[in-house]
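Asker: The structure is given below, and queries will be raised subsequently.
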Amino acid sequence: MSTLPFDPSQLGYNADVVVIGGGLSGLTTAYRLVQKGVDVVVLEARDRPGGRMASGTFNGESYDLGAQWIAPHATQLRKLTHELGIPLTMQYHDGVSDIYLHKKHHTFKQRVPMLSPAATLDRGRILRKLNRLATSMQVPTNKVIEQINTLDQMSFAWWLKQTCRHQATVAWFTMLCRVHFHAEPSEISLIYIIDQVQAFQKAEHLFLARPAYQHERVVGGTQRIGERLAQHLRPHITLDAPVLAIRQDDNGVTAYSRGASFRARFAVIALPPAVAEQIYFEPHLPPGRDALNQRILMGRAIEAVLCYDYPFWREHEKSGFMMSDEGPAVMVHDVSPATNTEGALACLIAGNAASHWGAQPRGERLRALVQQLSGWLGNEAGAYRGMIERDWNGERWNRGSIGFMPPGTSSFVHSINMSVGRIHWAGSEASSQWTGTLEGAVDAGERAAAEVITHLHEQGLLKQA
Ligand SMILES: Cc1cc2nc3c(=O)[nH]c(=O)nc-3n(C[C@H](O)[C@H](O)[C@H](O)COP(=O)(O)OP(=O)(O)OC[C@H]3O[C@@H](n4cnc5c(N)ncnc54)[C@H](O)[C@@H]3O)c2cc1C
């Protein structure tokens, strides 16, 4: 007997497709479907579209407090921003950058930061090893599956400890793990890392920091992408509509929000799996999918932007880019507005540091950040005008920042984008390439839209080519 309030099969359809989640992935799905003439409704839990693309303002300027950078390889995302008429700007990189690693201070001007000669060689060796492992596991023969199961028992931290010849190399990969996954290497399966090397095409894209990621930014903040997509979808998007339950039957899907239900032929769930896990499904999800939703954990991150009268570090020929394995910030970037109205440094606190500093009062966090920045840029760093920040840890509608898989979970991953009857999966975590990034979100959204379009064609419900 149904435990849901009423029998939805008595209702007509509100739309052909209900998209659950109005982040970049869900909005991309809906945008592509609407372009094909499909009737869509997007249900978004928050009072704004965009999800992990979120900005904050200081003194009238908008700064990213979630996703920020567009990587050189992000072709689908770049195509989308171009279609939407959203301008991008190059990340400022001129001058000297700094790395504090394993109690040593390195400076660099070139794009790939150098460590000591021995550690640089060791880092290259580890990158090549990761690339070789990723290539050797592309075809799932019985031998490969056996190897996957063996390597999946190891954390990335354990493997680094066994494989690196220098402690500085371990420290390097630990720092980059925090930058990319917002998690500690001890939390992440080695197989997940190898899977991500495949998803990012080569280990250098994950573990050399620049030029992999921090290439361009959206003028006015990435939230603009969500706002612009939502404008295009205006009659089709409902905000403040968290989906609490989903019922599927032979003819369609019903999504239940607070006091309202939405009936469609198909559903696309564009949420991090850990968030989808909170939804009540009827019938219950197949065991493999349910287990997967429980096993993709979310990283922890706080993004803080400190604002200054002007980018004073540029006068000292500093780029405003810094990475540190001691923290609180693991990575800092110059995100000063192009208008030159003020200077701004974006500080990413990630992994264990995010758990620790997230539990401290705001004033303590600010004091610790200013102390770190002063150690790097001198006393002028203390003359900040203000700080805006966002702590993604435990936000109800994200449950953290970026998904990753712990050891012992690789056998569950194959169901990540397998539809369950009329339910299809989007969301950055469900992308097989550039997973966990904006590009991954667009990729998964485009894929889910294509899947649903195929079904609608098959059922003769879509005439348009
Ligand atoms: C601090 C931080 C920094 C990052 N930096 C970068 C970067 O520089 N470059 C990059 O490429 N990527 C970055 N990322 C990752 C990037 O933000 C994500 O990969 C991408 O935005 C995910 O989009 P999505 O649509 O898959 O998920 P989300 O953005 O999480 O969208 C899911 C949406 O679903 C909504 N929702 C949740 N539950 C429900 C429900 N029950 N019913 C209805 N709606 C619901 C949420 O409110 C949300 O809007 C960063 C992420 C964080 C947190």
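When the sequence shown is numbered by this note's numbering, its final residue is 500 and no position is left out of the sequence of numbers. Yeah, the Cβ is synthetic: ideal placement off N, Cα and C, and Gly gets one too. Computed from a prediction, not measured in an experiment: that's the story for all the values here.
Return helix, strand or coil for Gly5, following the three-state DSSP convention.
Answerer: This structure gives no information on residue 5, because the portion of the chain shown stretches from 36 to 500.
Asker: Considering only C-alpha positions, which residue in the set His240, Gln233, Arg259 and Val179 is nearest to Leu62?
Answerer: When each option's Cα is compared against that of Leu62, the closest is Arg259.
Asker: Can Ile296 be considered in contact with ligand 1, in the sense that its beta carbon sits closer than 7 Å to one or more heavy atoms?
Answerer: Position check: residue 296 holds Ser in this sequence, whereas Ile was assumed. Not under cutoff, so the answer is no.
Asker: With DSSP run on the structure shown, which of helix, strand or coil describes Leu335?
Answerer: In the sequence as presented, Leu is not what sits at residue 335; that position holds Arg. In the structure shown, Arg335 sits in coil (DSSP, three-state: anything other than H, G, I, E or B).
Asker: Return the chain-ordered list of same chain residues with a C-beta closer than 6 Å to the C-beta of Val340, the five sequence neighbours on each side being excluded.
Answerer: Excluding residues within five positions, the ones whose Cβ falls inside 6 Å are Tyr98, Ala379, Ala381 and Ile423.
Asker: Measuring only the C-alpha atoms, how far is Thr142 from His240?
Answerer: Cα to Cα, the separation comes out at about 21 Å.
Asker: Using a 10 Å radius around the Cβ and a threshold of 16 neighbouring Cβ atoms, would you call Pro122 buried or exposed?
Answerer: Per the 10 Å Cβ criterion, exposed.
Asker: Figure out for me which residue from Gln406, Ile451 and Pro308 has the closest Cα to the Cα of Ile437.
Answerer: Ranking the options by Cα distance to Ile437, first place goes to Pro308.
Asker: What is the DSSP secondary structure of Ile121, reduced to helix, strand or coil?
Answerer: In this structure, Ile121 counts as coil in the three-state DSSP scheme.
Asker: Since Ser450 and Arg324 should fall inside the 8 Å C-beta cutoff, what is the C-beta to C-beta distance between them, to a whole number of angstroms?
Answerer: That belief holds up - the Cβ atoms of Ser450 and Arg324 are roughly 5 Å apart, short of 8 Å.
Asker: How is Glu501 classed by DSSP in three states: helix, strand or coil?
Answerer: Shown here, the chain extends from 36 to 500; a query on residue 501 therefore has no answer.
Asker: Whose C-beta lies closer than 7 Å to the C-beta of Glu96 among residues of the same chain, with five residues either side of it excluded?
Answerer: For Glu96, where only same-chain residues beyond five positions count, the Cβ hits under 7 Å are Pro372, Thr376 and Glu377.
Asker: Excluding the 5 residues flanking Arg7 on each side, which residues of the same chain have their C-beta closer than 6 Å to its C-beta?
Answerer: It is not possible to answer for residue 7, since the shown part of the chain is limited to 36 through 500.
Asker: From this set, Leu473, Trp469, Gly417 and Glu486, which residue's C-alpha is nearest Asp230's C-alpha?
Answerer: Answer by Cα proximity: Trp469.
Asker: Considering Lys178, what are the terminal residues of the alpha helix (DSSP H) in which it resides?
Answerer: Asn177 to Leu186 is the span of the alpha helix (DSSP H), which, as asked, contains Lys178.
Asker: Based on the DSSP secondary-structure assignment, which residues constitute the bridge partners of Ala280?
Answerer: For Ala280, which the question treats as bridged, DSSP gives the partners Tyr291 and Tyr315.
Asker: Under the criterion of a Cβ to heavy atom distance below 7 Å, does Ser467 qualify as lining ligand 1?
Answerer: No, the beta carbon of Ser467 sits no closer than 7 Å to any heavy atom of ligand 1.
Asker: Is the Cβ-Cβ distance between Arg457 and Ala305 less than 8 Å?
Answerer: No, these two residues do not count as a Cβ contact at 8 Å.
Asker: When the Cα atoms are used, what is the spatial distance from Gln249 to Arg200?
Answerer: Between Gln249 and Arg200, the C-alpha separation is close to 29 Å.
Asker: How many Å lie between Glu251 and Thr110 at the Cα?
Answerer: Taking the straight line from one Cα to the other gives about 12 Å.
Asker: Would the beta-carbon of Leu332 fall within 8 Å of that of Leu112?
Answerer: Not in contact: Leu332 and Leu112 (Cβ atoms no closer than 8 Å).
Asker: Ile223 by DSSP, collapsed to three states: which one?
Answerer: Coil.
Asker: Quick one: using the 10 Å Cβ neighbour count with 16 as the cut-off for buried, is Val254 buried or exposed?
Answerer: Flag for Val254 reads exposed.
Asker: Pick from Ile134, His271 and Lys138: whose alpha carbon is nearest that of Asp74?
Answerer: Of the candidates Ile134, His271 and Lys138, the one whose C-alpha sits nearest the C-alpha of Asp74 is His271.
Asker: Between which two residues does the beta strand (DSSP E) containing Ala379 stretch?
Answerer: Unbroken beta strand (DSSP E) run through Ala379: Gly378 to Ala385.
Asker: Where do the N-terminal and C-terminal ends of the alpha helix (DSSP H) with Ala238 fall, by residue?
Answerer: Ala238 -> alpha helix (DSSP H) spans Ala238 to Phe242.
Asker: Under DSSP, the alpha helix (DSSP H) around Gly475 begins and ends at which residues?
Answerer: Segment Leu473 to Glu493, the alpha helix (DSSP H) holding Gly475.
Asker: Tell me whether Arg400 counts as near ligand 1, meaning its Cβ is closer than 7 Å to at least one heavy atom of that ligand.
Answerer: Result no, Cβ not under 7 Å from ligand 1.
Asker: Within the same chain, show all residues whose beta-carbon is closer than 7 Å to that of Ala416, passing over the 5 residues directly before and after it, in chain order.
Answerer: Once the five neighbours on either side are set aside, the close Cβ partners of Ala416 are Val405, Leu408 and Ser409.
Asker: To the nearest angstrom, report how far apart Leu383 and Val367 are at their CA atoms.
Answerer: Near 6 Å, if we compare the C-alpha coordinates of Val367 and Leu383.
Asker: Determine contact between the region 181 to 190 and the region 348 to 366, defined as no fewer than three beta-carbon pairs at a distance below 8 Å.
Answerer: Touching, no.
Asker: Would you mind giving the Cβ-Cβ distance between Asp133 and Trp411, rounded to the nearest angstrom? I have them listed as a contact below 8 Å.
Answerer: Their Cβ separation, rounded to whole angstroms, is 6 Å, which keeps Asp133 and Trp411 in contact under 8 Å.
Asker: Go to Arg67, then tell me how far its alpha helix (DSSP H) extends in each direction, as first and last residue.
Answerer: Unbroken alpha helix (DSSP H) run through Arg67: Leu59 to Gln70.
Asker: With DSSP as the reference, please indicate the residues paired to Cys342 in a beta bridge.
Answerer: Looking at the DSSP assignment, Cys342 forms a beta bridge with Ala379 and Gly421.
Asker: If I measure Cβ to Cβ from Val147 and keep anything under 6 Å in the same chain, skipping five residues before and after, which residues do I get?
Answerer: Closer than 6 Å at Cβ, skipping near neighbours: Leu243.
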